[in-house]
Structures are given as C-alpha cells and as structure tokens.
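Read top to bottom, the protein sequences are chains A and B.
Each residue of the first sequence is one higher than the one before, counting from 1 in the UniProt record's numbering.
Each residue of the second sequence is one higher than the one before, counting from 1 in the UniProt record's numbering.
Contents: one structure, followed by commentary.
Protein chains: 2
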Amino acid sequence: MKKAPTILITGAGGFTGQHACMNFIKKGWRTVAAVRTKQHFSLNCCSVECDLTNFEAVRQMIQSVDPQYILHLAGVNSVPQSWDTPLTTMQNNVLGTLNLLEATREHAPKCNILIVGSGLEKTSQPKEPPLHPYGISKTLQRMLSESWHVLFGQHVVIAKPSNLIGPGPSNGVVSLFAKRIANEEQKNKSVELKVNNLRSQREFLDARDAVKAYELLLLKGQPGLTYEIGSGHSVSIQEIINIFQQMTSVKIKVIDQGIKENGVAKMDTANMEKIGWTPKIAFSDSLKDILHYHRSLH
Amino acid sequence: MKKAPTILITGAGGFTGQHACMNFIKKGWRTVAAVRTKQHFSLNCCSVECDLTNFEAVRQMIQSVDPQYILHLAGVNSVPQSWDTPLTTMQNNVLGTLNLLEATREHAPKCNILIVGSGLEKTSQPKEPPLHPYGISKTLQRMLSESWHVLFGQHVVIAKPSNLIGPGPSNGVVSLFAKRIANEEQKNKSVELKVNNLRSQREFLDARDAVKAYELLLLKGQPGLTYEIGSGHSVSIQEIINIFQQMTSVKIKVIDQGIKENGVAKMDTANMEKIGWTPKIAFSDSLKDILHYHRSLH
Numbered sequence: 001m002k003k004a005p006t007i008l009i010t011g012a013g014g015f016t017g018q019h020a021c022m023n024f025i026k027k028g029w030r031t032v033a034a035v036r037t038k039q040h041f042s043l044n045c046c047s048v049e050c051d052l053t054n055f056e057a058v059r060q061m062i063q064s065v066d067p068q069y070i071l072h073l074a075g076v077n078s079v080p081q082s083w084d085t086p087l088t089t090m091q092n093n094v095l096g097t098l099n100l101l102e103a104t105r106e107h108a109p110k111c112n113i114l115i116v117g118s119g120l121e122k123t124s125q126p127k128e129p130p131l132h133p134y135g136i137s138k139t140l141q142r143m144l145s146e147s148w149h150v151l152f153g154q155h156v157v158i159a160k161p162s163n164l165i166g167p168g169p170s171n172g173v174v175s176l177f178a179k180r181i182a183n184e185e186q187k188n189k190s191v192e193l194k195v196n197n198l199r200s201q202r203e204f205l206d207a208r209d210a211v212k213a214y215e216l217l218l219l220k221g222q223p224g225l226t227y228e229i230g231s232g233h234s235v236s237i238q239e240i241i242n243i244f245q246q247m248t249s250v251k252i253k254v255i256d257q258g259i260k261e262n263g264v265a266k267m268d269t270a271n272m273e274k275i276g277w278t279p280k281i282a283f284s285d286s287l288k289d290i291l292h293y294h295r296s297l298h
Numbered sequence: 001m002k003k004a005p006t007i008l009i010t011g012a013g014g015f016t017g018q019h020a021c022m023n024f025i026k027k028g029w030r031t032v033a034a035v036r037t038k039q040h041f042s043l044n045c046c047s048v049e050c051d052l053t054n055f056e057a058v059r060q061m062i063q064s065v066d067p068q069y070i071l072h073l074a075g076v077n078s079v080p081q082s083w084d085t086p087l088t089t090m091q092n093n094v095l096g097t098l099n100l101l102e103a104t105r106e107h108a109p110k111c112n113i114l115i116v117g118s119g120l121e122k123t124s125q126p127k128e129p130p131l132h133p134y135g136i137s138k139t140l141q142r143m144l145s146e147s148w149h150v151l152f153g154q155h156v157v158i159a160k161p162s163n164l165i166g167p168g169p170s171n172g173v174v175s176l177f178a179k180r181i182a183n184e185e186q187k188n189k190s191v192e193l194k195v196n197n198l199r200s201q202r203e204f205l206d207a208r209d210a211v212k213a214y215e216l217l218l219l220k221g222q223p224g225l226t227y228e229i230g231s232g233h234s235v236s237i238q239e240i241i242n243i244f245q246q247m248t249s250v251k252i253k254v255i256d257q258g259i260k261e262n263g264v265a266k267m268d269t270a271n272m273e274k275i276g277w278t279p280k281i282a283f284s285d286s287l288k289d290i291l292h293y294h295r296s297l298h
C-alpha cells in the first residue's frame with residue numbers, strides 16, 4: 001500500500017484553512033495544520049504552532065514535519081486591517097512566505113508548494129499603483145514566489161482566488177449578512193443591512209470548490225505559473241440579498257450608502273480548466289449552507 | 001542663522017556611505033551615521049548602531065535622531081553574497097527598508113527619504129525573471145518604496161545608480177585591480193589579473209559624483225519617481241587595464257577567462273539632468289584616486 005502523502009497547511013485555523021484541512025483529512029492524507037495558536041483549533045488532525053515571521057521557528061517546523069506538499073494560506077487577508085497595520089501585513093505576507101520558501105529549500109527541497117495569493121492583486125496591470133497595503137503585500141508575495149522558482153528551481157505554484165465564501169468563520173460580506181439574519185431569526189424581527197453599494201458586482205467562489213482547485217494545483221500545477229481561480233460570473237449585492245430574502249422569514253431592509261467601489265477584475269480561469277477544474281457548488285447552495293452554519297451557532 | 005538640517009545616513013560604514021558622510025559633514029549638515037557596528041567607523045560625526053531588520057531598533061533610532069533627510073544606503077549589495085545568503089539579502093534589503101519607511105511614517109512623517117536601489121535591477125522589463133536574489137531584492141525594495149509614497153504620501157525618492165567606483169573600501173572590480181597593483185608595487189614585480197571577460201562593457205560612476213546626485217535628489221527629487229544615475233558611457237575591462245598600465249611601472253598581465261556576461265542596461269540620466277546634475281569627475285581621475293588610495297594603505 002502506498003504511503004499517504006504529508007501536507008502542511010499554513011493558516012489552517014482560518015476560514016479557508018479549516019475547509020482545506022477537512023478536505024485532505026477526508027482524502028486520507030497525513031494532514032498537519034500550522035496555526036498561530038492551538039487554543040481554538042479543534043479539527044481532528046496533527047497541529048503545530050508556528051510564528052511564520054520567525055525563520056528559526058519555520059525551519060524547525062519544516063524539519064520536523066518533512067512535508068511533500070505545502071498549502072500556504074497564512075497571512076493577513078483583510079484590506080481594512082492592512083491599512084491599520086501595514087508593517088504586520090507585510091511581515092506576515094512577504095516575510096512569512098520568504099521564511100517558508102527558504103526553510104523548505106533547505107529541508108524539503110522536493111516539496112510541492114502552493115502559495116495562495118489574491119484576486120485583489122492586479123497582475124494584468126503591474127504598472128498600476130497599489131490600492132492598499134494588502135494589494136502590494138500580495139504582489140510582493142507573488143513576485144518573491146515566482147523568483148524562488150526561477151532562481152532556485154523550487155516547485156512553487158501560485159493560486160489567485162476570487163472572494164471565497166462558504167460555511168465557517170468568514171469575515172466576508174456574505175457571511176456577515178447571514179450572521180445578522182440568523183441573529184434576527186431568534187427574535188423574529190426585521191434586519192437592517194448597511195451596504196456600500198447595492199449594485200457592486202463581485203465574483204464569489206465557494207471555499208470548498210477553491211480547496212479542490214488547490215488540491216489539483218498541488219498535484220498538477222506548473223511551477224512558476226499563476227492560476228486564477230473563480231466562479232466565472234459576478235453577482236451584485238442586491239442579488240445576494242434577494243436570495244437570502246427567499247430563505248428567511250425575517251424582513252431584510254437595506255441601507256445603500258452608494259459608495260463607489262473599485263471594480264475588481266474578473267478571474268481568467270483558463271489555466272484551471274486546462275488541468276480539469278470547474279466549480280461545482282451553485283451560488284445559492286453556498287448561501288444556503290452559510291445561513292445554515294450561522295443558524296447552527298445559536 | 002538657519003539651523004543646519006539633520007540627515008541620517010544608513011549603511012554609513014560602507015564604501016558609498018563614507019563618501020556620503022564626508023559630503024554632508026563638509027556641507028555643515030548635522031550628519032548622523034547609522035552603522036551596524038561602531039567598531040570600525042572612524043569618521044568625525046555622530047554615529048548610531050542599528051540593526052535595520054529589527055523594527056523596534058529602527059523606531060528608537062528615528063525617534064531619537066528626528067531626521068529631516070534620510071539617505072538609505074544600507075543593505076546587501078553583492079550579487080555573489082545574495083546567492084550564498086538569499087534570506088539575509090531579502091531581510092536586509094526589503095524588510096530593512098520597510099522598517100525604515102514605517103518608523104519614519106510614525107515618528108518623522110515629513111522626512112525626505114532617498115532609497116538607493118541598483119542599476120542591476122531591470123525596471124524597463126519588469127516581466128523578465130530576476131537574474132539573482134540581489135536583483136529581486138532590489139526590485140521588491142523599489143516597489144515597496146513607491147507604494148509607501150502612493151499609499152501613505154511619504155516623501156520617498158528612488159535612486160538607481162550604476163557601478164560606483166572611487167577611493168575607499170570598495171569590493172568592485174576596479175578597486176580590486178588597483179589593490180593588486182599597489183600590492184605588487186611594493187615588490188616591484190609584475191601582476192597577473194584574472195578577468196571574466198576583457199571585452200565586457202560596464203558603466204562606472206565615481207561615488208563622489210553619485211553622492212552629489214543623492215544630495216540633489218534629497219532636495220529636489222520628485223516623490224515616487226525613480227532616478228537613474230550614471231556616467232552616460234561604458235568602458236571595457238581592457239580599457240581600465242590600459243589606463244592603470246599607464247599609471248604604474250608594474251607589468252600587468254591579464255588572464256581572460258572569456259566568460260560571457262549579462263549585458264547591463266545603460267542608465268537613462270534624463271531625469272537627473274532635468275534637476276541640474278551631471279557627473280564631474282573624469283574616469284581616469286577616478287582610477288588615479290583609487291590607485292592612490294590603495295598605495296596609501298601601504
């Protein structure tokens with residue numbers, strides 16, 4: 001019998017990290033969850049505490065885990081937070097990735113690494129100035145990852161997902177809506193949702209579909225390449241609210257602040273389709289599962 | 001009488017750093033030299049020890065020095081060293097710059113900062129892969145610096161000098177030749193110089209001319225802009241040897257290894273000329289001063 005491969009997942013305590021752990025545990029892989037603190041991590045797999053900004057800590061982790069695969073999800077992934085703490089954002093997203101690449105080069109040089117970037121980083125127009133510290137942190141993370149492949153031949157693939165949604169502890173707008181609705185259902189009232197702009201279009205993808213894409217990229221991704229991952233279609237905030245309204249008896253009222261938002265480039269999923277990936281989960285099913293998740297917390 | 005401005009020079013113990021200190025001391029500015037260790041620093045100005053990769057140390061330095069100007073020269077600036085220690089190279093060149101920008105933003109937000117990049121970083125073709133860890137470290141340093149100007153409005157100017165030469169402790173090829181020649185003059189013998197390629201063309205600029213450019217950029221540089229600094233003409237290794245041969249009675253023999261070298265893009269000094277800078281020191285005068293420096297060490 002072939003030995004199960006070992007995968008190290010960084011940022012395993014986060015929203016996507018937990019979905020990733022569940023996916024690889026289910027597949028029977030030896031799944032090691034790297035978390036900042038084990039305190040709130042409850043999934044049934046091996047976990048290690050590691051501050052990725054500390055090279056010596058990362059080195060020891062890679063040496064002891066000896067992974068064949070690394071899924072690097074850790075980092076600051078909030079635009080507002082990146083404005084509040086740009087230093088921490090850069091340290092986590094850039095230095096953390098550098099430490100991981102270097103420790104792996106030293107102790108697990110044959111390891112397949114997937115670096116998860118962000119659709120909020122615009123690769124199509126690299127000359128355009130960044131919109132926020134988060135954006136530049138993800139640009140530098142990607143360039144660093146590509147360079148380590150070119151310079152040292154490391155097996156590094158880059159994923160660029162759009163907005164991920166799904167059941168679990170997400171801070172995204174869809175999850176926040178569902179949380180508010182589920183809260184109000186306890187009191188049988190109406191709920192008032194304040195939105196930046198009802199007509200804002202965004203592309204959403206279920207995190208469980210994204211994790212399937214990550215799995216495929218770890219196995220079949222071409223080193224040095226960036227793979228955009230998305231559902232292929234955008235929805236407006238208005239449409240999200242319409243779908244939620246059909247799922248609840250709570251009356252949803254909307255306060256539209258009419259704030260102009262930066263248009264987000266649509267993902268080009270051609271590279272993903274080439275390796276056989278397409279999203280499976282319908283948008284309305286994602287919303288149903290998200291609402292169900294928040295109801296289950298009561 | 002107007003109070004003399006305060007300038008903080010990082011990497012002040014290095015080859016260019018020492019020339020920079022001498023320049024600003026001579027101008028009567030309050031010159032503070034930031035060095036890794038004071039042990040070998042002998043110039044007659046205020047000096048502070050600081051590990052730039054440690055944010056808290058940088059924060060304390062900026063707070064206590066309270067500079068109006070920062071000339072940021074510190075960092076790993078050797079291509080071979082960057083291959084040996086890519087982690088240290090990135091930490092020094094990228095994280096060190098980040099710490100400096102952040103500490104300045106916090107404690108000296110009106111400070112004019114000049115970040116000294118490198119001609120070995122190719123901005124004209126940003127899509128091309130890097131040739132060495134040093135190259136990518138300088139690319140990320142530049143992008144970070146540009147971003148901090150765009151995102152936070154910091155007064156950050158970027159300089160991109162070609163190969164700097166001049167009297168002093170340089171590890172460049174010109175200085176190494178002069179050192180070998182000066183050594184042999186003690187013994188009145190011939191000297192054998194091993195070169196990668198006699199026909200290699202490079203652009204050299206005297207560090208004293210570069211420092212004048214930095215002074216001008218601190219005073220008149222446009223924030224967010226990158227200024228290429230060079231002499232405007234290239235010379236071959238053969239020409240350098242010819243000039244040195246005329247200055248010494250030691251017979252110079254050359255072993256040409258015929259190694260093909262990457263052509264270095266010529267600097268575009270148009271932006272520098274616009275603010276009134278042109279190099280003043282003739283190439284042969286630089287060589288004379290370099291040889292004189294090495295003779296004086298005996």
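Every residue, glycine too, gets a C-beta built ideally from N, C-alpha and C.
With DSSP run on the structure shown, which of helix, strand or coil describes T278/A? Counted from its first residue, the first sequence places residue 278/A at position 278. Note: T278/A maps to coil in three-state DSSP.
Return yes when the Cβ of Y293/B is within less than 8 Å of the Cβ of P161/B, no when it is not. Against the second sequence, residue 161/B aligns to sequence position 161. Against the second sequence, residue 293/B aligns to sequence position 293. The beta carbons of P161/B and Y293/B sit no closer together than 8 Å.
Is the beta carbon of I70/B less than 8 Å from the beta carbon of C111/B? For the purposes of this step, residue 70/B is taken as the residue at position 70 of the second sequence. For the purposes of this step, residue 111/B is taken as the residue at position 111 of the second sequence. In contact: I70/B and C111/B (Cβ atoms closer than 8 Å).
Determine which residues of the stretch 92-125 of chain A have a Cβ less than 8 Å from any Cβ of chain B, and write them out in chain order. Within the stretch 92-125 of chain A, the qualifying residues are V94, L95, L98, N99, E102.
Name, please, each residue of chain B whose Cβ falls closer than 7 Å to the Cβ of V150/A. Start at 1 with the first residue of the first sequence, and residue 150/A comes out as number 150. Going along chain B in sequence order, the residues near V150/A (Cβ under 7 Å) are P129, P130.
How many whole angstroms separate the CB atoms of E121/A and T139/A, which I take to be in contact at a CB cut-off of 8 Å? Counting from 1 along the first sequence, the entry for residue 121/A is found at position 121. Counting from 1 along the first sequence, the entry for residue 139/A is found at position 139. Right, their Cβ atoms sit about 5 Å apart.
Is L217/B near Y227/B, with beta carbons less than 8 Å apart? Within the second sequence, the letter at position 217 stands for residue 217/B. Within the second sequence, the letter at position 227 stands for residue 227/B. One thing to note: L217/B has its Cβ within 8 Å of the Cβ of Y227/B.
Report the residues of the stretch 53-72 of chain A with a CB closer than 9 Å to any CB of chain B, ordered along the chain. Those residues of the stretch 53-72 of chain A that come within reach of chain B (Cβ to Cβ, closer than 9 Å) are F55.
Interface residues of chain B around S147/A at Cβ under 8 Å? To locate residue 147/A, count along the first sequence from 1; it is residue 147. Counting only Cβ-Cβ distances below 8 Å, S147/A has contacts in chain B at P129, P130, P133, I136, in chain order.
Euclidean distance between Cα positions of T248/B and I255/B: As a working note, residue 248/B is residue 248 in the second sequence. As a working note, residue 255/B is residue 255 in the second sequence. Distance between the alpha carbons of T248/B and I255/B: 19 Å.
Every unbroken alpha helix (DSSP H) within the stretch 10-93 of chain B, with a cutoff of 4 residues, ordered by chain: You should have 15-26, 55-65, 79-84, 86-90.
What does the alpha-carbon distance come out to for the pair L8/B and E146/B? For the purposes of this step, residue 8/B is identified with residue 8 of the second sequence, where counting begins at 1. For the purposes of this step, residue 146/B is identified with residue 146 of the second sequence, where counting begins at 1. Approximately 20 Å, taken between the alpha carbons.
Please report how far the alpha carbon of I115/B lies from the alpha carbon of S284/B, in whole angstroms. One-based indexing of the second sequence puts residue 115/B at position 115. One-based indexing of the second sequence puts residue 284/B at position 284. C-alpha separation (whole angstroms): 29 Å.
Could you compute how far the alpha carbon of A207/B sits from the alpha carbon of R36/A? As a working mapping, residue 207/B is identified with position 207 in the second sequence. As a working mapping, residue 36/A is identified with position 36 in the first sequence. A207/B and R36/A: Cα-Cα distance of roughly 47 Å.
For chain B, check one thing: does any of its Cβ atoms lie closer than 8 Å to the Cβ of P5/A? Within the first sequence, the letter at position 5 stands for residue 5/A. No, P5/A does not count as interfacial toward chain B.
If we ignore side chains and look at the alpha-carbon of each, how far apart do N93/B and S200/A end up? Here residue 93/B refers to the residue found at position 93 when the second sequence is read from its first residue. Here residue 200/A refers to the residue found at position 200 when the first sequence is read from its first residue. Linking N93/B to S200/A through their CA atoms gives a straight-line distance of about 39 Å.
Just curious, the beta strand (DSSP E) that Q201/A is in, first and last residue? The residue given as residue 201/A occupies position 201 in the first sequence. Per DSSP, Q201/A belongs to the beta strand (DSSP E) from 201-206.
Quick one: is L193/A near chain B, going by C-beta distance under 8 Å? For the purposes of this step, residue 193/A is identified with residue 193 of the first sequence, where counting begins at 1. With 8 Å as the cut-off, L193/A does not count as an interface residue toward chain B.
Got a sec, what are the start and stop residues for the alpha helix (DSSP H) T139/B sits in? For the purposes of this step, residue 139/B is identified with residue 139 of the second sequence, where counting begins at 1. Element bounds for T139/B: 133-152.
Which partner residues of T226/A appear in the DSSP bridge assignment? If you number the first sequence from 1, residue 226/A lands on position 226. T226/A is bridged to I158/A.
Member of N242/A, I158/A, W148/A whose CA lies at the smallest distance from the CA of F177/A: In the first sequence, the residue the question calls residue 177/A occupies position 177. Just measuring C-alpha positions, the residue of N242/A, I158/A, W148/A sitting nearest F177/A is N242/A.
Buried/exposed call for A182/A, threshold 16 Cβ in 10 Å: Within the first sequence, residue 182/A is the residue found at index 182, counting from 1. Taking every protein chain shown into account, the CB of A182/A has 16 or more other CB atoms within 10 angstroms, so this residue is buried.
Would you please verify whether the beta carbon of P86/B is less than 8 Å from any beta carbon of chain A? Within the second sequence, the letter at position 86 stands for residue 86/B. At least one chain A Cβ lies under 8 Å of P86/B.
Given this structure, state the Cα-to-Cα distance separating residue 312/A from I229/A, to the nearest angstrom. As displayed, chain A neither begins before 1 nor continues past 298, which places residue 312/A out of reach and without an answer.
Cα separation between V76/A and L87/A? Counting from one through the first sequence, the residue named residue 76/A turns up at place 76. Counting from one through the first sequence, the residue named residue 87/A turns up at place 87. In this structure, the CA atom of V76/A is about 11 Å from the CA atom of L87/A.
6 Å Cβ shell around K90/A - same chain, five flanking residues per side excluded: The residue labelled residue 90/A in the question sits at position 90 within the first sequence. What sits at residue 90/A in the sequence shown is Met, not Lys. Around M90/A: S137.
Close beta carbons around V79/B, own chain, < 6 Å, minus the five adjacent residues each side: Taking the first residue of the second sequence as 1, we reach residue 79/B at position 79. Non-local beta-carbon contacts of V79/B in its own chain, meaning distances under 6 Å to residues more than five positions away in sequence, involve H132, Y134 in chain order.
In whole angstroms, what is the alpha-carbon distance linking K2/B and G28/B? The sequence position of residue 2/B within the second sequence is 2, counting from 1. The sequence position of residue 28/B within the second sequence is 28, counting from 1. Spanning the two alpha carbons is a distance of roughly 12 Å.
Alpha carbon to alpha carbon, how far is R295/A from P130/B? Give it in angstroms, no decimals. Your numbering for residue 130/B matches position 130 in the second sequence. Your numbering for residue 295/A matches position 295 in the first sequence. Approximately 51 Å between the Cα atoms of the pair.
Using a C-beta to C-beta distance shorter than 8 Å, which residues of chain A count as neighbours of L140/B? Working through the second sequence from its first residue, we reach residue 140/B at position 140. Within 8 Å Cβ-Cβ: V94, L140, M143, L144.
Contact set between M90/B and chain A, taken where Cβ atoms lie within less than 9 Å: Residue numbering aside, residue 90/B sits at position 90 when the second sequence is read from its first letter. Within chain A, the residues near M90/B are V94, L95, L98, E102, L144.
Express the C-alpha separation of K280/A and D209/A in angstroms, rounding to a whole number. What you label residue 209/A is simply residue 209 of the first sequence in a count that begins at 1. What you label residue 280/A is simply residue 280 of the first sequence in a count that begins at 1. Distance between the alpha carbons of D209/A and K280/A is about 7 Å.
Work out the CA separation of G153/A and A159/A for me, nearest whole Å. Along the first sequence, one-based indexing puts residue 159/A at 159. Along the first sequence, one-based indexing puts residue 153/A at 153. One alpha carbon belongs to A159/A, the other to G153/A, and they sit about 18 Å apart.
Using DSSP bridges, identify the partner residues of I7/B. Here residue 7/B corresponds to residue number 7 of the second sequence, with the count starting at 1. In the DSSP output, where bridge partners are listed per residue, I7/B has T31/B, Y69/B.
Provide the residue span of the beta strand (DSSP E) that contains V191/A, from first to last. Taking the first residue of the first sequence as position 1, residue 191/A is located at position 191. Unbroken beta strand (DSSP E) run through V191/A: 191-195.
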